[in-house]
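Novice: Here the protein sequences come in this chain order: A and B.
Reminder that position 106 of the first sequence reads as 105 in numbering that gives the first Met the number 0, one-by-one numbering, no gaps.
Reminder that position 176 of the second sequence reads as 175 in numbering that gives the first Met the number 0, one-by-one numbering, no gaps.
Glycine included, C-beta positions come from ideal geometry on N, C-alpha and C.
There's a structure below that I have some questions on.
2 protein chains.
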Amino acid sequence: MEIAWIGTGIMGAPMARNLMRAGHRLRVHNRTAKKAVALAAEGSEVIVAADPAAAAGGAEAVFMMVPDTPDVESVVARIAPALHKDQLVIDMSTIAPAAEHAIAERLAKAGVDYLDAPVSGGEAGAIDGTLTIMVGGAESAYKRAFPLFEKLGRRVTHMGPPGAGQMTKLANQVAVALTLEAAAEALALAESGGLDRARVLEAIGAGAAGSWQLSNLGPKIIAHDWRPGFFIKLIRKDLRLVADAARAGGLALPGLALMQSMFNAAAAFGHDLDGTQAVAAALDRLARLK
Amino acid sequence: MEIAWIGTGIMGAPMARNLMRAGHRLRVHNRTAKKAVALAAEGSEVIVAADPAAAAGGAEAVFMMVPDTPDVESVVARIAPALHKDQLVIDMSTIAPAAEHAIAERLAKAGVDYLDAPVSGGEAGAIDGTLTIMVGGAESAYKRAFPLFEKLGRRVTHMGPPGAGQMTKLANQVAVALTLEAAAEALALAESGGLDRARVLEAIGAGAAGSWQLSNLGPKIIAHDWRPGFFIKLIRKDLRLVADAARAGGLALPGLALMQSMFNAAAAFGHDLDGTQAVAAALDRLARLK
Numbered sequence: 000m001e002i003a004w005i006g007t008g009i010m011g012a013p014m015a016r017n018l019m020r021a022g023h024r025l026r027v028h029n030r031t032a033k034k035a036v037a038l039a040a041e042g043s044e045v046i047v048a049a050d051p052a053a054a055a056g057g058a059e060a061v062f063m064m065v066p067d068t069p070d071v072e073s074v075v076a077r078i079a080p081a082l083h084k085d086q087l088v089i090d091m092s093t094i095a096p097a098a099e100h101a102i103a104e105r106l107a108k109a110g111v112d113y114l115d116a117p118v119s120g121g122e123a124g125a126i127d128g129t130l131t132i133m134v135g136g137a138e139s140a141y142k143r144a145f146p147l148f149e150k151l152g153r154r155v156t157h158m159g160p161p162g163a164g165q166m167t168k169l170a171n172q173v174a175v176a177l178t179l180e181a182a183a184e185a186l187a188l189a190e191s192g193g194l195d196r197a198r199v200l201e202a203i204g205a206g207a208a209g210s211w212q213l214s215n216l217g218p219k220i221i222a223h224d225w226r227p228g229f230f231i232k233l234i235r236k237d238l239r240l241v242a243d244a245a246r247a248g249g250l251a252l253p254g255l256a257l258m259q260s261m262f263n264a265a266a267a268f269g270h271d272l273d274g275t276q277a278v279a280a281a282l283d284r285l286a287r288l289k
Numbered sequence: 000m001e002i003a004w005i006g007t008g009i010m011g012a013p014m015a016r017n018l019m020r021a022g023h024r025l026r027v028h029n030r031t032a033k034k035a036v037a038l039a040a041e042g043s044e045v046i047v048a049a050d051p052a053a054a055a056g057g058a059e060a061v062f063m064m065v066p067d068t069p070d071v072e073s074v075v076a077r078i079a080p081a082l083h084k085d086q087l088v089i090d091m092s093t094i095a096p097a098a099e100h101a102i103a104e105r106l107a108k109a110g111v112d113y114l115d116a117p118v119s120g121g122e123a124g125a126i127d128g129t130l131t132i133m134v135g136g137a138e139s140a141y142k143r144a145f146p147l148f149e150k151l152g153r154r155v156t157h158m159g160p161p162g163a164g165q166m167t168k169l170a171n172q173v174a175v176a177l178t179l180e181a182a183a184e185a186l187a188l189a190e191s192g193g194l195d196r197a198r199v200l201e202a203i204g205a206g207a208a209g210s211w212q213l214s215n216l217g218p219k220i221i222a223h224d225w226r227p228g229f230f231i232k233l234i235r236k237d238l239r240l241v242a243d244a245a246r247a248g249g250l251a252l253p254g255l256a257l258m259q260s261m262f263n264a265a266a267a268f269g270h271d272l273d274g275t276q277a278v279a280a281a282l283d284r285l286a287r288l289k
């Protein structure tokens, strides 16, 4: 299949690579051209497009994987004139659910199928093709995209109408943030009590306190290893989207508010381009009584 | 072995029963005698003792499973005159680490081995003998108690000196509380966004947002099933102990403070004798903007 891939960053490049390896022809574009050129150098079936419209024009399916809501809106504005009936456009970025709803409506008028399909699983999941993919949009478009999603992720779920994928991702992110805080506070308490924190992870990790965050980021917190799996900068963006969506749904979530403060503090302490687990470094400074 | 078991409540009774089934002779005592009598009726090798000292006097190992720090201190005060050299006393209640340290020191003077060995896993874990057991105290006492712990739990870890078991349990509890809030807020957001929450659990439960709390209590939150696995009343007590221990360690933990407020609110809304997952009912009332 002829596929356009717009956005070949940390996540987008390995995802596009998995489609390339599955035998698809790729037309790639990236705002910073160098990254797209590097990807194209890997395969004879990959060409670099000068702009998003040139990538999208001749493709059966068009993927976007860019940072934020305005980036998706800008790409859509640029490709819309080049799109034609029966094309399939899939946004795998994490952006506002309401924006996806508007885009889906706009493209539907041109006969273009549109899905929001944000992912969870980080760079490792993108490389291994084991991402969790949460999809919003029409059932027929979902069925059409499913064989492609299978090359990118392991758990693919159709969540409902346009925006439902993004809303699920936002629920995922608020859970991720608070579960990480749970790990950070438990380990801070353990350290203040003189415990061997690695042994604490072993003792409590498989029971009612257990979580992916505790098992996977707990050891990094103990080792003060702040290298990014997922940037503080990006979870701050995601939690802003969560807060917007919560407000639109009539909710002010107290744990969400706390985690916005914690990650903002982490950024203020210089950790914006570190991994989310660096929230433990912020906690270490904010929670000290002496 | 001749074993004294003091405290045959929701947790204590099934734990004592597992030792009985393993072939030990039990001398049981409970503040509300009726529960001890009911347990004794189950086996010919179980007798009811009129007071803690009468239970402890003739036993090789003495277990305590009572609600709070003052309860343990009161039992210890009553059994201490009856204890003799080489007896083993094991506290499986969840109480203040500092109190365990003082008790261990006091009993050591009489040649009595003492362990703090709080558990996680709730009533189901107590019944199935699959509890997580976190142990503080001397290595020799731990080795002596290990064959008994094996009848009660699956994951048994020696955490360090007296009080280390309790400190580990407190780290466990702060993680449990915040991870539960993560599940509650994610599901509240999902509901406000019109998602099928059961499908959300499926989509995100195995990834970076995954946790024991989300998988086990998420479905109960969705079903508004507030029946207790673990009482709000008891986690409020535990989080008070966490706050005391954190303060003693020079820490003011922001997520802990939030969760004390949340569970206090749940109690104020009438959920003190419901399960911890009823914090979602409190959230539902506290987080609404309209």
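Using only CA atoms, which one of B:Ala32, B:Lys84 and B:Val65 lies nearest to B:Lys236?
Specialist: Closest by alpha carbon: B:Val65.
Novice: With distances taken between CB atoms, is the gap from A:Pro96 to A:Gly204 smaller than 8 Å?
Specialist: Going by C-beta atoms, A:Pro96 is not nearer than 8 Å to A:Gly204.
Novice: Expressed to the nearest angstrom, what Euclidean distance is found between the alpha-carbon atoms of B:Asp70 and B:Lys168?
Specialist: About 18 Å.
Novice: Counting C-beta neighbours from all protein chains within 10 Å, is the total for B:Phe229 16 or more, i.e. buried, or is it exposed?
Specialist: Buried.
Novice: Within 7 Å: the Cβ of A:Ala280 and any heavy atom of the ligand HEM?
Specialist: In the structure shown, the ligand HEM is absent, as is every other ligand, since no ligand is present at all.
Novice: Is A:Met63 helix, strand or coil when you go by DSSP?
Specialist: The answer is strand: DSSP assigns A:Met63 an E or B state.
Novice: Jot down the residue ranges of each uninterrupted alpha helix (DSSP H) in the stretch 128–206 of chain B, minimum 4 residues, whole runs only, in chain order.
Specialist: 138–151, 163–191 and 196–203, all fully within the stretch 128–206 of chain B.
Novice: At a CB distance below 8 Å, what residues from the stretch 196–214 of chain A approach chain B? Give them in sequence order.
Specialist: Residues passing the 8 Å Cβ filter: Arg198, Val199, Glu201, Ala202, Ile203, Ala205, Gly206, Ala207, Ala208, Gly209, Ser210, Trp211, Gln212 and Leu213.
Novice: Flag A:Thr167 as yes if its beta-carbon sits less than 8 Å from any beta-carbon of chain B, otherwise no.
Specialist: So, interface residue.
Novice: Our contact map puts A:Leu288 next to B:Arg246 with C-beta atoms below 8 Å; I'd like the distance itself, whole angstroms only.
Specialist: Right, their Cβ atoms sit about 7 Å apart.
Novice: The beta strand (DSSP E) with B:Glu1 in it runs from where to where?
Specialist: It spans Glu1 to Ile5 - the beta strand (DSSP E) in which B:Glu1 sits, taken as one unbroken run.
Novice: Does the Cβ of A:Ser210 have 16 or more other Cβ atoms within 10 Å, making it buried, or fewer, making it exposed?
Specialist: Classification for A:Ser210: buried.
Novice: Determine the direct distance from the alpha carbon of B:Ala182 to that of A:Ala251, and round the result to whole angstroms.
Specialist: If you take the alpha carbons of A:Ala251 and B:Ala182, they lie about 15 Å apart.
Novice: Out of A:Ile9, A:Pro146, A:Met261 and A:Arg16, which has the shortest C-alpha to C-alpha gap to A:Arg239?
Specialist: Cα-wise, what sits closest to A:Arg239 is A:Met261.
Novice: Give me the subset of the stretch 143–172 of chain A whose CB atoms are less than 7 Å from a CB atom of chain B, sorted by chain position.
Specialist: Per Cβ criterion, the list reads Arg154, Thr156, Met158, Gly159, Ala163, Met166, Thr167, Leu169, Ala170 and Asn171.
Novice: Out of B:Gly136, B:Leu151, B:Glu180 and B:Asp85, state which residue places its alpha-carbon closest to the alpha-carbon of B:Ala103.
Specialist: It is B:Gly136 whose Cα lies nearest to the Cα of B:Ala103.
Novice: Would you kindly work out how many angstroms separate the C-alpha atoms of B:Ala187 and A:Asp273, rounded to a whole number?
Specialist: The straight-line gap from Cα to Cα measures roughly 29 Å.
Novice: Going along chain B, which residues have a C-beta under 7 Å from A:Arg284?
Specialist: The contacting residues do not exist; A:Arg284 stays about 11 Å from chain B at best.
Novice: Return the Cβ separation of B:Ala279 and B:Phe268 in integer angstroms, given the expectation that the two are a contact with Cβ distance under 8 Å.
Specialist: Contact flag wrong, Cβ pair sits at about 11 Å.
Novice: Let me see if you follow: with CB-CB separation under 8 Å, is A:Val241 close to chain B or not?
Specialist: At least one chain B Cβ lies under 8 Å of A:Val241.
Novice: Ignoring anything shorter than 4 residues, give me the alpha helix (DSSP H) runs that lie fully in the stretch 96–124 of chain B, in order along the chain.
Specialist: Within the stretch 96–124 of chain B, the complete alpha helix (DSSP H) runs of at least 4 residues are 96–107.
Novice: For chain B, is any of its Cβ atoms less than 8 Å away from the one on A:Glu180?
Specialist: At least one chain B Cβ lies under 8 Å of A:Glu180.
Novice: May I ask which residues mark the beginning and end of the alpha helix (DSSP H) holding A:Arg231?
Specialist: According to the sequence displayed, residue 231 of chain A carries Ile and not Arg. A:Ile231 -> alpha helix (DSSP H) spans Ile231 to Ala247.
Novice: Which residues bound the beta strand (DSSP E) around A:Ile221?
Specialist: Element bounds for A:Ile221: not the beta strand (DSSP E) but the alpha helix (DSSP H), Trp211 to Ile221.
Novice: Within 8 Å, do at least three Cβ pairs link the stretch 36–52 of chain B to the stretch 6–23 of chain B?
Specialist: Yes, the stretch 6–23 of chain B touches the stretch 36–52 of chain B.
Novice: Would you grab the beta carbon distance between A:Gly152 and A:Val118 for me? Rounded to a whole angstrom, and I think it's under 8 Å.
Specialist: Right, their Cβ atoms sit about 6 Å apart.
Novice: Which residues in chain A have a C-beta closer than 8 Å to the C-beta of B:Ala265? List them in chain order.
Specialist: Within 8 Å Cβ-Cβ: nothing; B:Ala265 doesn't reach chain A, min ~13 Å.
Novice: With a threshold of 16 other CB atoms inside 10 Å of the CB of A:Ala49, please say whether the residue is buried or exposed.
Specialist: Looking at its Cβ environment, which holds fewer than 16 other Cβ atoms inside 10 Å, A:Ala49 is exposed.
Novice: Along the chain, where does the beta strand (DSSP E) containing B:Arg24 start, and where does it finish?
Specialist: That run of the beta strand (DSSP E) goes Arg24 to His28.
Novice: Would you mind giving the Cβ-Cβ distance between A:Gln165 and A:Glu99, rounded to the nearest angstrom? I have them listed as a contact below 8 Å.
Specialist: Going by Cβ atoms, the distance from A:Gln165 to A:Glu99 rounds to 5 Å, so yes, they are a contact pair.
Novice: Give the residues of chain B in contact with A:Leu18, contact being defined as C-beta atoms less than 7 Å apart.
Specialist: The premise fails here: A:Leu18 is roughly 21 Å from chain B at the closest Cβ pair, so nothing lies under 7 Å.
Novice: Assign A:Asp70 to one of three DSSP states: helix, strand, or coil.
Specialist: Correct three-state label for A:Asp70: helix.
Novice: Can you grab the Cα-Cα spacing for the pair A:Val74 / B:Gly206, in whole Å?
Specialist: Taking the straight line joining both Cα atoms gives about 29 Å.
Novice: Quick one: grab the DSSP three-state call for A:Ile94.
Specialist: Residue state, collapsed to three classes: coil.
Novice: Pull up the distance between the alpha-carbon of B:Leu106 and that of B:Glu59, whole angstroms please.
Specialist: About 15 Å.
Novice: In this structure, how does DSSP classify A:Gly11 when only helix, strand and coil are distinguished?
Specialist: Helix.
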